[in-house]
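In full-length UniProt numbering, the protein residues as written are 1 to 137.
Positions of the beta carbon are idealized from the N, C-alpha and C atoms, including for glycine.
Following this line, the structure appears as structure tokens:
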């Protein structure tokens, strides 16, 4: 796998595990949830990298076109049926995406923790109706 140079340098560093950053803590939390057999679904315009390029949940090969891996799905699990991290890059239409994600979570029977990530609060304004409608039910 030919990962991006900055990410490679970061992965080669050895550091104090007591001093982890937010993205590392998030990855550890995700892995704990996956170990328990739950699914995780990340949905956003660029959910593999995160709003501020802090998340490296989806690695893209820098040489081989179209080759990607989700490292958290590659780790061996204690549980014989570990969960799966699903990363979905959605369009910027927040109202439509939130409506779809809510509908999908209602219709599927799987144990899935769905994250719909909004980069900045102003994008959420158009989707507020979907949230209020689901709360009213």
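- Query: Which residue or residues does DSSP assign as beta-bridge partners of residue 61?
  - Reply: The partner list for residue 61 (beta bridge, DSSP) is empty, contrary to what the question assumes.
- Item | residue 110 to residue 116 span [Cα, whole Å] | 17 Å
- Beta carbon of residue 107, beta carbon of residue 130: below 9 Å? Remark: C-beta atoms of residue 107 and residue 130 do not approach each other more closely than 9 Å.
- Item | Sequence-distant residues of its chain with Cβ nearer than 8 Å to residue 37 (five each side left out) | 79, 81, 82, 83 and 111
- Query: Shortest alpha-carbon distance to residue 138 belongs to which of 22, 46, 114 and 105?
  - Reply: Look at the range of the chain in this structure, 1 to 137, and you will see that residue 138 is not part of it.
- Message: Within a Cβ cutoff of 8 Å, which residues of the same chain sit near residue 128, ignoring the five residues on either side of it in sequence?
- Response: none
- What residue range is occupied by the uninterrupted alpha helix (DSSP H) comprising residue 32? 22 to 35
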